Every structure is written in structure tokens, then in C-alpha cells.
Amino acid sequence: MSLWSFGLALMAQGSILVQGKVEDSQGFPLPGVNIIVKGSTIGTVSDINGNYQLQVPDAVNAVLVFRFIGFDEREIAVNNQSQINVVLTESFFGLDEVVAIGYGTVQRRDITGSVASVSGDALQAIPVSNVTEAITGKLAGVQIAATEGSPDAEIRIRVRGGGSITGDNSPLFIVDGFPVETISDISPSDIESIDVLKDASSTAIYGSRGANGVIIVTTKRGREGRMTVNYNAYTAWKRIANTLDVLSPYDFTKWQYERALLANDMRRYNNIYGNFQDLDLYQEVQPNDYQNQIFGRTGFTFNHNVSLTGGTEKTTYALSYAHMYDRAIMQMSNFNRDNLSFNMTNRPNDRITIDLSFRYANTEINGGGANEQNEVSSADSRLKFAMIYPPFPVSGLTDAEETDPDFLLTHPMESLRDNDRYQNRVAYNLNASVAWEIIDNLTIKSDVGLDDFRSVDDRFYGPSTYYVKNVPSGENQNKPAIVFNKQSRETFRNTNTINYNFRNILPSDHRVNVLAGQEYIIREQESHNTVVHGFPSTFGFSEASKLSAQGSANSITNHLSPDDILLSFFGRANYDYMGRYLLSATFRADGSSKFGDGNKWGYFPSAAFAWRISDEIFFENTRDWLDDLKIRFSYGTAGNNNIPSGQIVQSMAVSTTTWVNNYDSYWAPSRTLANPDLKWETTITRNLGLDYTMLRGRINGSFEAYINTTQDLLMRFPIPGTGYIDQYRNMGETENRGFEASINWVAIDRPNYGFSVSGNIGFNKNEIKSLGLMENFEQSSGWASTEIPADYVIQIGGSVGKMYGYISDGRYEVSDFEGYFNGEWVLREGVPNASSVVGTIRPGTKKLRNLNPDEDNVVNLDDRTIIGDANPLHTGGIALNARAYGFDLSAAFNWSYGNDVYNANKVEYTSTSKYHSRNMITMMEDGKRWTNLLPDGTISNDPAELAAMNANTTMWSPYMPRFVFSDWAVEDGSFLRLNTLTLGYTLPRDIVNRVNIQNLRFYVSGYNLYTWTNYTGFDPEVSTRRRTPLTPGVDYSAYPRSRSIVFGMNLSF
């Protein structure tokens, strides 16, 4: 008996070699599963076929822990078993999805860099026409904002702020491996996933333009199995979300009377409006609501998408077509888009994979947007005229054949007809690739792609526009004109890579993957511009576009840009030890034709390290609630060459001369001076991140902190006095520091009901470290032409977006004056004199603060200071999702906090400037504004009377000879927007399956339903001065946003 007991003891203490296979619930092998002896550091990782073997020190008492992100953890006692096969059950909330990175993919659990993602399911749940609307507020550190509300509004995307000052800070867009200019023309229904690479360890492998982040879009692919048909359709109705109240006919006319007295212009007033005694008659006049006439119609959108997917073991395919028609809320405008996409994957044998893909997009836009930022002057804005045009027909003024030179207003409907536009954008994209696994684990791949883009942009200017009144000369002045513009761009790309996995060479605990590649991209771009003046005055857009020979050709300009060529070599190595320690290193060398000899090549290395600390023995006691905890750090560089090609050699342009009747007649140097010394702009990024997953995947998220330094900025430097306007130079340095956090929480998960919440927040602070030879420079937004001097300042220590103007000090009160002597108001000693800015000073005039009281008592340009900042302190979003017995409810919020908006509308709509008969918004109505008008219809200059009359008013008098930018026009642009709210119902499968339907869902959704904000304008999310990136956050005549109600259906069979 004692010998038997001794033998058992020896067996209990002996080791055993355990081997087996790990599979999922469908019988597929699981590679990369961590198998650890519980309570120790002994472990291994399953190989590519799911097989493993492990020497276990205790054959009887040891317990093996099988852990794989995305699957439920299992513990199995060894109990003298040498063969243990395991089936892991997939966790509903796992992080095992594949994430696209540069030239490859990786499981989310193994990411070492900063990557944010949105799945195709999340996109499809939100019925939008533009994919960027669906991802708004869903990605930490990614700021997405529409510049205004038109159907073709520019969407600004900024990843961690962007480092350039005068350059474009847009990220690099990659669609199915091909770099494209925009993703706005892709149907959201075609997208499988969107991944955003934010740090250099992720973006450096793209080298060129990776400095501003990379957005990778993966479109849907076919899957093995019978053909599946998906049909998605929705119809939306929309109305303008917000309007501004203007003065009533009575208030308007009463102010016109007071203005006429102050301007000594009573003769004109009497001819147009009558006598003072006639004022009461205007109380019965019904106003014209021009905002409603121009933007008040009910818009609607029809969107249809049908897709076919399927395939065999060797060949899979996906084909989709989408059509969208959008009748905008503005009269005479609509938007059409057609999308066609096809992709196919063929595997003729186990080692060769062939991919083909094709995308086509055709977009048509009829009608101009509200904000004519491409005009010579923005005076032709329909929104502006809808606000300040007289609120009722005025005989002898609004119906006069000849325009009063001091009126300078156009009927909003006439302005609409006279500012017409047609745009057509056609894009083709063709990609093909062949991957060949030469031997086990060694794969070479070659990609070729062609992207072709062509656009037409025809602009018509009628007799009422600023353009035809000022640009044409002689007999062509004041006659209709048209500008034909065509552009084309072709891009060819070839990429060749070789990829090797060291699976059968190294022990199974070690995983190494190496990628090397070469890429060649060439882009050709040209434009054609034809300007025709002098059409018959009866011509509209249709006649002018079809009968251009009836006009007089003013100029014909053809421009062929030098080829933009990029030759690149790159590599990446990934090392993984037991899934616990991960190391990634990349290197890319880019040679660009945009730079001269000695500067063509840019070199962009990066490295990242991640430590899965939750796998350490000292975290053993947290396994019951902590699934995964990973710390990561990255450092690297990325490049930017995003300037026009041809800047290193002086280009020539066609010029005109009066000797040849102002026709293009000779060649002259272009207005931009060449710079042969240009070189790469470089961004250095440092990123520290923490990824976490808890409670079997129910809670997961990340924390990120980063510092991005951009050096050798590519800036347009003004060079007055040289005969040139500017020159591209490498000068300056910026820095972006920030913090990001995201969380996803599945609060309830039951078979028939559930509830989840996700949220993210991103902080970013931008600072200009250097401006080269300059300390600062000023920039004008240009909305008021030259009437307002530079209203933005760029300076060391500041950031782009600093608003520059005067400090408002209310208004001049009677107490600020000694009195009224000899027809003039005399200021008291020590009261600042702002007459050089606001015009003649009297009680009620807008008052500005003197910032240099020790130097003088005058307010002038030297008293301007920073009065606002367009940059938010933080941005973010929250998403709520609930489901119960076939019903689903989701809500998405996004916010911006701490940014200022330059409300230029408020400046113009509260001032008569030097023109008469202009309406204003109601903050200037009678009883709120300062008045000098006595009840008997005379102007008072008596101090006591004026003080008593204005005791309860708060606004200054709108009578000023010019616009003034002060902090009064800078408003808090913070907002929280209920972006979407969707209620859906999916019919039970046992019912729809009877008629061969896989899935049928109906839904109703609201878009832009409510915005919580203190901003007094139309909408706080706005930036209309798009000629330059130096003046963000200006709200001037922006196309108003709409509020939509959507009804839709998702059908699969």
C-alpha cells in the first residue's frame, strides 16, 4: 500500500506534455489563442491551424486557461490528460474584429498604434446621404464639421487638429487601398468599415500626407454562399431648422425716418415713404417673409440602394447601385448622385488570390449655394438679401427701373435667378491586385489602380450681380455673363509588396511578420476656364449656357499642371511574444517631384510598443472582471507635400493687354514666385495609449495622450513689392497637444432586449511655435471687403483661428459728453474718442475701449486685440442604442465646447452702414435700440431728453458709416446637437422566412432634431470663409441647415 501511495505522489508531481487544437463554435481553427498554466507564467500560443503543445509541470492539479479576445475564457483541469481539444464560444462583445492598417490588417487586440474605427453596421443604421455625417461624433480626436447646410456643403475633417497653417489639414483618404481626394461621393451603404489612423506609428507607412492622419475606407465584399439581395431605401422631408426675425414694416419705416433725419436725407425719404404723419399706416402693412420664400420650401430626399452579394468557394462578388435625389430647401436647387460599385475575388488555387474592384460616382448639383465665397464680392448672397431687403414693396424703389446708387439691394428672388450654377462631377476608380503565396507564409502582391475625376462648373451672373457690374468693361457691363470651368485629374498607382510570417521557424510563443514594398503614383491634372460677357439682358442661365456664341468671349485659359510623381519604398516589422509584448516598426522613403534636387526624398521612420499587462502574473486576481489591459507607446514621423505641383520652377501664365483689346496676348511669369529650395513638411508624433476591456467585453475603450510637432511648414508667404503675390516657403513650426478617451458599455444584453452606450471626447490645443522670419501677421476674412481691416491674427504662441478686433464698451451715454455746442457733441476729458472707427460720435454711438490710455485718448487700429478663438476646448459624441423584441431605438449626439463663432451676420444685420432702406434683425427694433427721435418726429439734442428716452434701451444706434468688428460679434459657439434619433422594427424571422425574406426592417428617423446652444445665429457649426484656412469660424450668409424626418426600409432576401 505504501508503494502504491508513493507512486501516486510521484505522478502528481510529474510533468506532462499536453497538446491539442483550439477551434471556434463552427469548427474553424483559432490561431493566436493564449494558453497559460493558471497561477504561473508558463504558457504558449496556438499556431495558424489552432494547434498547440505545452509542457505542464503538474500533470494532475494544473489548470489550463484558454484566453482569446472576442471569445469566452475557458479553464480546463489537466488531470493527466495529454490531449485536450477546446472549443471556444464567441463573446458577443469581443474585440476580435479586423482593423485596416497600412497595406494590411490586424486584429484590434494586437494594435500598437492609435486607431479609431466605425463599423458598416453603425453606418447603415443612420440614413444619411454623406458618409461623413454618419461618423460625426463617433471617433475620438476626429473633428467633423459641415461648413454650412447646402446639399454639397464642404465637410471639414481634422484629425488631432492638423499641423499646417496656410496649408490643407485634411487627412489622407484611402479607399480599398487607393488614395482618393474625398469620401463624400461614396454611398454609405457600400462601406464595410472605416478606420482612422491617428499617430505616426500607424500613418508613417503612408509617408506622404500621412501627417494629418489617414482615413481608411473598406467597402463591402462578397461572401461564399448563395446570392443575397439587399435593398435599402428611404424618403426624407426637411425644413429649415432656424430663422431670424427682422423688423416689422412699421419698425423698419420708423428707423428709415430717423436715419434720414440724421443723414440729412429727408427728401429721398419723403419721396419713397411719405411724411412722418404717414408712419402709422405701416402698422397695417403685411411683411414679406423672404427667408421663407427663398429657404422655406419643404425639401425631400429619395435614396435607393440595391446590392447583390454571393459566391462560391473560389469566387465571391459584390455589386451595388445607389441613386439619391435631393430637392434642397432653397428654391431652384437640387442634388443628384448615382453610385455603381463592383468587386470580385477569385482564388484559382490555394496560393493565388485575384481581386478586382470598380467604383463610379456621378454627382449633379443645380443652383448656387447661399454663400458665394467664390464671388469677387459676397454682395450677391441670397441669404443676405432675404434678411436686409425691405420687408414690403416700396413704390419707386423696389419696382424702379433704375437702381438707386445708395440702395444697392436686389430682390432675393431676382438674386436667386441671377446667381445660377450647374456642377457635374464624375469619378471612376478601377483597382486590380494579384496575391501569390509562393511558399508557406511568403506572399507577394501587386496592385494597380486608376482614378479618373472630371468636373464641370458653370456659373451664371445676371444683371443684378456684383460681378457684371464691376468686372466687364464698356458695353458689356451690366449684361449677363457666364463662366465655364472644366477640370480633370487622373491618378495611376502601382504597389508591390512582399509579406512573410515567421510561423514555422520560430517557437510558437514568438510571432514575427515582415512587410516590404514599393509604390509609384503619378497624377496628371488640367483645367479649362472660359469667360463670356455681354449676353442680351433677357438671357438666363439656360440661354447663356446653350448659346454662348451670343456673348463676347472675354478670356480662355487652359492650365496643365506639371505631373505630380511619387516614388516610395517602405517596410514594416511586427513582433509579438505570447500576445503579451508587441513591437512594431515602420519605415518609408518618399521621393516627390514637387521638390528639387537634394530635397526630393523624405524619410519617415516610426516605432510602437505595446504591453498587455493583464497577462502578467501579478494581474491574476483581476481575471474575473478584467479581460484585457494594454499599454502602448509610439513615436514616429510622417510627411506632407500637399502643395500644388510646379512650385520649384517658375511657371508662366497668359496675360492680357489693352493693346490687343484686353485679350490674352502674351506670356508672363505667374503671380507666385518659384522656390527651388522647398522640402518636405514633417510631423513628429508621440502617443501614449491605454486600451481596456472588462466584464467579458461589456465595457471597453481607450485613453490617449499625444504631442504632435510639425516642422518646416509649407506656407504661402506674402512678398509685396516684388511683382509677385506670394511664394511657398518652408518656415515655422506648430505643436498639437491633446487627450482622448472613449468608452463602450453594454449595460444590458439579453436574447430579446438590450441597451448600450458609447461615448468619446477629445481635447486638442494648437500652438504656433515659430513663423520663420515673422513674429506675427494679420489676415482678413474678407466678408466685408475692405470695410473691416484684418480681423484675424496669426502669432507665435497663439493658434490659427484667433479673432482680432476691438473691445466693445457698450455705447456712448449722455454722461460721456460735456454737452451739445454749436451743432457738435463734445466728449468729456478722458472719454475715449473712437470716431476714426465708428464715425461721428454722439450719444448712442457704439463705444469701443481704448487699450492704450497712457499713450492717447483715441481708439484706432492699435487698440485691436485678440477677442475670440475658433478652436474648441473639446469635442465629442454620445450614442445610445436599445433593442427589445424586434424594436430598436438609437440616438446620437455630438458636441463642441469652448469655440467662438464670428457672427458677421449680426454685424451687418444691425447696421445701416452708409446705405438706406436696409432692414435689420429684431435686436435693433424700436424700444431696444438707442433713439434720437422725439414723439413729434424731430431729433433731440437735449441731454436730459435723450437720457430719459433711452433709459430702458440697451443697444446702440445702428447709424454708423461702416461695419465694426468687436467682441460683441464674437459668440460662444458651444453646442450639443441631437444629431439623429431612429426607431426601427424588424419583423420576426420565422414570419419573413416563409416568403424567402431573410430580413425586413422599417424605421423612422430624425436628423438635426435639436441643438442646445447660446449662439444667436442660424447654427453654431459653421465656417463660411473657405478661401483661406486662416479665418475659421466666420458665419456670414451661410446656407441654413435643415431638419429632416426620414422613413426607410432595409430588406434582404
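Numbered per our numbering, the sequence shown spans residues 1 to 1053. Ideal Cβ positions, reconstructed from N, Cα and C, are used throughout, including at glycine. What you are looking at is a predicted structure, and each value in this text was computed from that prediction instead of being measured.
Here DSSP, grouped into helix, strand and coil, assigns D47 to coil.
Secondary structure at D816: helix, using DSSP grouped into helix, strand and coil. Contact check for G163 against T710 passes: the beta carbons are separated by less than 7 Å. Boundaries cannot be given for L397, as no alpha helix (DSSP H) includes it and DSSP labels it neither H nor E. In the DSSP assignment, P29 is bridged to E23. Counted as a single uninterrupted DSSP element, the stretch harbouring R259 is not any beta strand (DSSP E) but the alpha helix (DSSP H) occupying residues 249-262. Fully enclosed beta strand (DSSP E) runs of no fewer than 3 residues occupy 887-897, 900-903 of the segment 883-962, in order along the chain. Burial state of A134 is buried, judged by a 10 Å Cβ sphere holding 16 or more other Cβ atoms. Note on geometry: alpha-carbon atoms of M332 and N366 lie some 7 Å from one another. In the structure shown, F595 falls within a coil segment according to DSSP collapsed to helix, strand and coil. Contact annotation, E767 with E735: C-beta distance approximately 5 Å; criterion of less than 8 Å satisfied. Sixteen is the threshold: when 16 or more other Cβ atoms of the shown chains lie within 10 Å of the Cβ of F717, as they do, the residue is buried. Taking 7 Å as the cut-off, the beta carbon of G113 is found no closer than this to the beta carbon of S193. Between V128 and I794, the alpha-carbon positions lie close to 37 Å from each other. An exposed status is given to G823, since fewer than 16 other beta-carbon atoms sit within 10 Å of its beta-carbon.
Shown here, S164 sits in coil according to DSSP, grouped into three states, outside any helix or strand. Annotation: G636 to G877 spans about 29 Å, alpha carbon to alpha carbon. By the Cβ neighbour-count rule, T443 is buried, with 16 or more other Cβ atoms within 10 Å of its own.
Counting only residues of its own chain and dropping the five nearest sequence neighbours on each side, E1021 has a CB closer than 6 Å to the CB of A145.
Along the segment 791-841, the alpha helix (DSSP H) occurs as fully enclosed runs of 4 or more residues at 835-838, listed in sequence order. Per DSSP, the continuous beta strand (DSSP E) segment holding T497 begins and ends at 481-501. By the 16-neighbour rule on beta-carbons within 10 angstroms, M578 is buried. Residue burial annotation: W625 is exposed, with fewer than 16 other C-beta atoms found within 10 angstroms of its C-beta. Put simply, the backbone Cα of A200 is about 15 Å away from that of A573. At a Cβ-Cβ threshold of 7 Å, I648 and L678 count as neighbours.
Under the DSSP definition of a beta bridge, A77 partners with V63. The beta carbons of F276 and Y250 sit about 13 Å from each other, so the pair does not count as a contact at 8 Å. Distance between W601 and P412, taken at the CA atoms: about 54 Å.
The segment 669-694 contains, as complete beta strand (DSSP E) runs of 3+ residues, the segments 681-694 (chain order). Assigned with DSSP and collapsed to three states, K238 falls in strand. In this structure the segment 865-876 touches the segment 967-977; the number of beta carbon pairs closer than 8 Å is three or more. Counting along the chain, the unbroken alpha helix (DSSP H) around P412 starts and ends at 412-418.
Between M803 and D863, the beta carbon gap of about 15 Å keeps them out of contact (Cβ cut-off 8 Å). Ranked by Cα distance from I240, the first of G149, L873, P463, G222 is G149. Judged by DSSP secondary structure, T132 falls within the alpha helix (DSSP H) whose first and last residues are 131-135. Three or more Cβ pairs drawn from the segment 513-531 and the segment 494-504 lie within less than 8 Å of each other, which places the two stretches in contact.
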